[in-house]
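Protein chains: 2
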Amino acid sequence: MTTTRVSHVDLVDQTAAQVRAAIRNGDYDGHTAGLAAGKLQCNLAILPERFALDFLRFCQRNPKPCPIVAVGDSGDPMLPTLGHDIDIRTDVPRYSVFRNGQLSDEVTDISREWSDDLVTVALGCSFTFENALLRNGVPVRHLETGKNVPMYRSDIALVSAGMFGGDMVVTMRPIPEHLVDQAKEISRRYPQAHGAPIAMGDPAQIGISDLTKPDWGDAVEIKPGEVPVYWACGVTPQNVLLQAALPICITHAPGHMLIADVAEGAETTILPNH
Amino acid sequence: MTTTRVSHVDLVDQTAAQVRAAIRNGDYDGHTAGLAAGKLQCNLAILPERFALDFLRFCQRNPKPCPIVAVGDSGDPMLPTLGHDIDIRTDVPRYSVFRNGQLSDEVTDISREWSDDLVTVALGCSFTFENALLRNGVPVRHLETGKNVPMYRSDIALVSAGMFGGDMVVTMRPIPEHLVDQAKEISRRYPQAHGAPIAMGDPAQIGISDLTKPDWGDAVEIKPGEVPVYWACGVTPQNVLLQAALPICITHAPGHMLIADVAEGAETTILPNH
Numbered sequence: 000m001t002t003t004r005v006s007h008v009d010l011v012d013q014t015a016a017q018v019r020a021a022i023r024n025g026d027y028d029g030h031t032a033g034l035a036a037g038k039l040q041c042n043l044a045i046l047p048e049r050f051a052l053d054f055l056r057f058c059q060r061n062p063k064p065c066p067i068v069a070v071g072d073s074g075d076p077m078l079p080t081l082g083h084d085i086d087i088r089t090d091v092p093r094y095s096v097f098r099n100g101q102l103s104d105e106v107t108d109i110s111r112e113w114s115d116d117l118v119t120v121a122l123g124c125s126f127t128f129e130n131a132l133l134r135n136g137v138p139v140r141h142l143e144t145g146k147n148v149p150m151y152r153s154d155i156a157l158v159s160a161g162m163f164g165g166d167m168v169v170t171m172r173p174i175p176e177h178l179v180d181q182a183k184e185i186s187r188r189y190p191q192a193h194g195a196p197i198a199m200g201d202p203a204q205i206g207i208s209d210l211t212k213p214d215w216g217d218a219v220e221i222k223p224g225e226v227p228v229y230w231a232c233g234v235t236p237q238n239v240l241l242q243a244a245l246p247i248c249i250t251h252a253p254g255h256m257l258i259a260d261v262a263e264g265a266e267t268t269i270l271p272n273h
Numbered sequence: 000m001t002t003t004r005v006s007h008v009d010l011v012d013q014t015a016a017q018v019r020a021a022i023r024n025g026d027y028d029g030h031t032a033g034l035a036a037g038k039l040q041c042n043l044a045i046l047p048e049r050f051a052l053d054f055l056r057f058c059q060r061n062p063k064p065c066p067i068v069a070v071g072d073s074g075d076p077m078l079p080t081l082g083h084d085i086d087i088r089t090d091v092p093r094y095s096v097f098r099n100g101q102l103s104d105e106v107t108d109i110s111r112e113w114s115d116d117l118v119t120v121a122l123g124c125s126f127t128f129e130n131a132l133l134r135n136g137v138p139v140r141h142l143e144t145g146k147n148v149p150m151y152r153s154d155i156a157l158v159s160a161g162m163f164g165g166d167m168v169v170t171m172r173p174i175p176e177h178l179v180d181q182a183k184e185i186s187r188r189y190p191q192a193h194g195a196p197i198a199m200g201d202p203a204q205i206g207i208s209d210l211t212k213p214d215w216g217d218a219v220e221i222k223p224g225e226v227p228v229y230w231a232c233g234v235t236p237q238n239v240l241l242q243a244a245l246p247i248c249i250t251h252a253p254g255h256m257l258i259a260d261v262a263e264g265a266e267t268t269i270l271p272n273h
């Protein structure tokens, strides 16, 4: 079921503010890939204040899967450092609401769930470095083939903080061998978007038994002469939050991100003169 | 008064762990510039847990003056992500203890001040990008002349969080005009150490009336053909903490930093396999 009145193609040439307005007005609730080109898109984790300090510690200790790009004031739905008039209750196309570690609802507005006790944490997302790879001539298989990126549970232990911990989730992109160094160098320039790869080659070295069976997303073909390259994935914090089974926790629905006014190539994720 | 039994020159070729051991044992309490070359050095802010969430929000919103490189667990003096066996109570040469916004003590050990309620926040420091400038042939005047870097209160407003806010403190380094772009590009590579300059040229544009009268540190000569270049300064958070007048707050004494095992050029400040 969808309430969408404008389509993805209608929004492709719109600014970040225009896309957010369409989302806020209930005119669009689809995915955000390819929208507001050049602007930072963000993963979202909204949680009660009493867990926020430990969650920020957890993210700080695991900066590759969990790059913090904004933290809201307790109870305040606005995120002025990311963009003008961003209201986190209405400006994301779809949200997943978790209660006690179980998906409770998928909604297009969290005004009813919002409370004075909630803190918003926005985290960087892989769209940023994927766009940079494409701009620099490094092909990205799942985008070429219209699929979702394959994601896998690895056995790379995260650094714990309080109740938050577990293993890292990684994405895999097959890269032609002669472009691997370039892909590494380009993605390293985006620490706010998972940075350089965390491994490449044999999946067994990071505890993945079968690349044709991703835990999330779609399997993609690895052609002769290509190397599977693994990056830290933004599903990691969602997975960790789910395992922590907080009384309430709200995330974006997969692929339905917050679009910021901050440029994805900016030195920091703080909007100048906001 | 000093309890130093070994001198700075004795420690120059020692590892970070060896320098920290000399400090912990009470054999050294001097400044750390030039020690453990290639390792990250850190500014320090230790504060009660109830202020930690707002302080982390403040640092996240002001990443250039306040780049977070580690956050300890509440009451835990160890910082395992920065280095092996780092005990923040003993491993920094000198500490400033502030009570209610006033300098109360300067000590070489904070075991007596430590409590289950305290949280350590380590922040990046300008030594990292200064070393990179020098390695790349960009001269740094205050180092050439054996002075402390000149620091100034600017009128650049910080983004507030809770009780934390104010204006940014900046450092100034005169750079030959033909090397300014290079200095900018090199320092931008170190987001964990203040990153690219925040301004250059006329000091009036950022509210500084007289470069010959720094608010902290020493004035340095600006030679013909040189441009004054301004970077965000790690004194900013100290100044902000002081103004917030917390019941207790502990920082490193100026120049007397925490030396980490993390390499200053590492992609993240999280020690692998710690």
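So the protein lines, in turn, are chains A and B.
Start counting the first sequence at 0; every next residue gets the next number (numbering that gives the first Met the number 0).
Start counting the second sequence at 0; every next residue gets the next number (numbering that gives the first Met the number 0).
Beta carbons: idealized from backbone N, C-alpha and C, even for Gly.
Under 8 angstroms between C-beta atoms of residue i and residue j
i                         : j                         : result
glycine 254 of chain B    : threonine 89 of chain B   : no
glycine 82 of chain B     : aspartate 260 of chain B  : yes
arginine 140 of chain B   : proline 173 of chain B    : yes
tyrosine 94 of chain A    : isoleucine 249 of chain A : yes
proline 47 of chain B     : leucine 102 of chain B    : no
threonine 144 of chain A  : valine 226 of chain A     : no
proline 92 of chain A     : glycine 29 of chain A     : yes
glutamate 263 of chain A  : leucine 43 of chain A     : no
aspartate 154 of chain B  : aspartate 166 of chain B  : yes
serine 186 of chain A     : tryptophan 230 of chain A : yes
valine 239 of chain A     : isoleucine 197 of chain A : no
valine 137 of chain A     : alanine 192 of chain A    : no
threonine 127 of chain A  : isoleucine 87 of chain A  : no
proline 236 of chain A    : cysteine 58 of chain A    : yes
methionine 162 of chain B : aspartate 53 of chain B   : yes
Test: residue i CB closer than 8 angstroms to a CB of chain B
i                        : result
isoleucine 85 of chain A : no
valine 70 of chain A     : yes
valine 148 of chain A    : no
arginine 19 of chain A   : no
threonine 80 of chain A  : yes
For residue i, the three-state DSSP class (helix, strand or coil)
i                         : result
arginine 140 of chain A   : helix
proline 149 of chain A    : coil
glutamate 105 of chain A  : strand
cysteine 124 of chain B   : coil
isoleucine 258 of chain A : strand
asparagine 61 of chain A  : coil
isoleucine 155 of chain A : strand
proline 76 of chain A     : coil
isoleucine 269 of chain A : coil
leucine 178 of chain A    : helix
valine 168 of chain A     : strand
valine 18 of chain B      : helix
aspartate 28 of chain B   : coil
isoleucine 185 of chain B : helix
alanine 44 of chain A     : strand
leucine 117 of chain A    : strand
valine 91 of chain A      : coil
arginine 111 of chain B   : coil
leucine 39 of chain B     : strand
valine 8 of chain A       : helix
proline 190 of chain A    : helix
aspartate 53 of chain B   : helix
Interface flag, residue i vs chain A, CB-CB below 8 angstroms
i                         : result
valine 158 of chain B     : yes
isoleucine 247 of chain B : no
isoleucine 109 of chain B : no
isoleucine 269 of chain B : yes
methionine 0 of chain B   : Per-residue confidence for methionine 0 of chain B stands at a pLDDT of 46, beneath the threshold of 50, marking its modelled position as unreliable; the derived number appears in the next sentence. Not one chain A Cβ lies under 8 angstroms of methionine 0 of chain B.
Subject >> Residue ranges of each beta strand (DSSP E) within the segment 196 to 252 of chain A, 3 or longer >> reply: List check, beta strand (DSSP E) in window: 225 to 231 and 248 to 251.
Subject >> Contact set between the segment 165 to 180 of chain A and chain B, restricted to residues whose Cβ is under 8 angstroms from the partner >> reply: Result list empty, no residue passes.
Original post:
For the segment 49 to 71 of chain B, which residues have a CB atom closer than 9 angstroms to at least one CB atom of chain A, in sequence order?
Top reply: With the criterion set as a beta carbon lying under 9 angstroms from some beta carbon of chain A, the members of the segment 49 to 71 of chain B are Ala51, Leu52, Asp53, Leu55, Arg56, Gln59, Arg60, Asn61, Pro62, Lys63, Ile67, Val68, Ala69, Val70 and Gly71, in sequence order.
Original post:
Which residues, in order along the segment 178 to 209 of chain B, keep a beta-carbon less than 7 angstroms from a beta-carbon of chain A?
Top reply: Residues passing the 7 angstroms Cβ filter: Arg187, Pro190, Gly194 and Ala195.
Original post:
At a Cβ cut of 7 angstroms, what residues of the segment 249 to 266 of chain A count as close to chain B, listed as they run along the chain?
Top reply: The segment 249 to 266 of chain A vs chain B, Cβ under 7 angstroms: Glu266.
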